[in-house]
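J.: Numbering (our numbering), first residue to last: 1 to 258.
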Ligand SMILES: Cc1cc2nc3c(=O)[nH]c(=O)nc-3n(C[C@H](O)[C@H](O)[C@H](O)COP(=O)(O)OP(=O)(O)OC[C@H]3O[C@@H](n4cnc5c(N)ncnc54)[C@H](O)[C@@H]3O)c2cc1C
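1. Which ranges would you report for the alpha helix (DSSP H) in the region 110 to 191 if only whole runs of at least 4 residues count?
2. Alpha carbon to alpha carbon, how far is residue 204 from residue 217? Give it in angstroms, no decimals.
3. Is there at least one non-hydrogen atom of ligand 1 closer than 7 Å to the beta-carbon of residue 112?
4. Distance check for residue 15 and residue 43, CA to CA, integer angstroms please.
5. At a cut of 8 Å, does the region 97 to 110 reach the region 17 to 35 through at least three beta carbon pairs?
6. Can at least three beta-carbon pairs, one atom from the region 39 to 56 and one from the region 113 to 126, be found at a separation below 8 Å?
7. Could you spell out the range, first to last residue, of the alpha helix (DSSP H) harbouring residue 240?
8. Determine the contact status of residue 236 and residue 192, defining contact as a CB-CB distance below 8 Å.
9. With H, G and I counted as helix, E and B as strand and the rest as coil, what does DSSP make of residue 218?
10. Between which two residues does the alpha helix (DSSP H) containing residue 60 stretch?
11. State yes or no: is the C-beta of residue 140 nearer than 7 Å to some heavy atom of ligand 1?
12. Thinking residue 149 and residue 117 are a contact (beta carbons under 8 Å), I'd like their distance in whole angstroms, please.
13. Below 8 Å, can you find three or more Cβ-Cβ pairs linking the region 179 to 193 to the region 161 to 169?
14. Can you tell which of 37, 249, 17 has the C-alpha that lies nearest to the C-alpha of residue 186?
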């Protein structure tokens, strides 16, 4: 149970507290995971990030910057974000959770069935870390460095992008979430969660100009779903292929900026 709650007012102070307490302390975004059963933290010291002034959406040199402590609802309300990200934020079914959870918390927690990470991966997001480094979101998720996240950078936010969540109901467990984007050179990025070990790109399906049934087949073979109450392996493979092929068709049909 958290017994000491620090509220640093600068990134420097937050990093200093982490250096002081090391593994005994956790960064605290909205606390929706750290405070909830069964994901509740066992650590006693929390370093709250709410006072760091990282809750803005802004433009810098043609890139869209999303502060790590912005709540999912405030981000959804921003008129600057791309349509597919707006839609994906709505996949987090509860407004209470959206009001509490932060963008940085969602990325650092990296839930296996995250409904947000696929669209961020499809949009080629980078993340800026407390140590000053910028890395791709993909590398961050692969290395899982537990570094303080300061912001997400979308270098090409309005590329064509579409996303979809499959679930039995809005509040039901997600079978899968997929996102597909096409950049100005028609380079395709495909990302999924729920039917792969962790939210990730499906590189095998990106590079050969496939669409329609051919793409469905490659995607169905590339995912690695597990049977559970959301469905069988065969169903999940089938639906993954259909959803990705549909999203690519949507992207290609949209033609212009979104
Ligand atoms: C009832 C309920 C429903 C939920 N529904 C969904 C859902 O539909 N979809 C979904 O994807 N998730 C869902 N979640 C999971 C959870 O809300 C998300 O993982 C959430 O986005 C975490 O954000 P947070 O800011 O509250 O993180 P916190 O709980 O504050 O922290 C989560 C982790 O991230 C770390 N962290 C936080 N901010 C930073 C930062 N800036 N830099 C580095 N590390 C950081 C913390 O140390 C901790 O390890 C749900 C949770 C609950 C309790």
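Built from N, CA and C at the ideal position, the CB exists for glycine as well.
T.: Taking the structure as given:
1. 117 to 122, 137 to 143
2. Taking the chain shown and counting its residues from 1, one reaches residue 217 at position 217. Taking the chain shown and counting its residues from 1, one reaches residue 204 at position 204. Distance between the alpha carbons of residue 217 and residue 204 is about 12 Å.
3. Stepping through the chain shown from its first residue, residue 112 is reached at position 112. Residue 112 Cβ: outside cutoff for every heavy atom of ligand 1.
4. Locating residue 43 in the chain shown gives position 43, counting from the first residue. Locating residue 15 in the chain shown gives position 15, counting from the first residue. Each residue's Cα considered, the two are about 17 Å apart.
5. yes
6. no
7. Locating residue 240 in the chain shown gives position 240, where the first residue counts as 1. 233 to 254 is the extent of the alpha helix (DSSP H) around residue 240.
8. One-based indexing of the chain shown puts residue 236 at position 236. One-based indexing of the chain shown puts residue 192 at position 192. Against a cut-off of 8 Å, the Cβ pair of residue 192 and residue 236 comes out as no contact.
9. Against the chain shown, residue 218 aligns to sequence position 218. Of the three classes helix, strand and coil, the one that applies to residue 218 here is helix, per DSSP.
10. What you label residue 60 is simply residue 60 of the chain shown in a count that begins at 1. Per DSSP, residue 60 belongs to no alpha helix (DSSP H); it is in the beta strand (DSSP E), 57 to 60.
11. In the chain shown, counting from the first residue as 1, residue 140 sits at position 140. False, no ligand heavy atom lies under 7 Å from that Cβ.
12. To locate residue 149, count along the chain shown from 1; it is residue 149. To locate residue 117, count along the chain shown from 1; it is residue 117. Going by Cβ atoms, the distance from residue 149 to residue 117 rounds to 13 Å, so no, they are not a contact pair.
13. yes
14. If you number the chain shown from 1, residue 186 lands on position 186. Minimum Cα distance to residue 186 is reached at 249.
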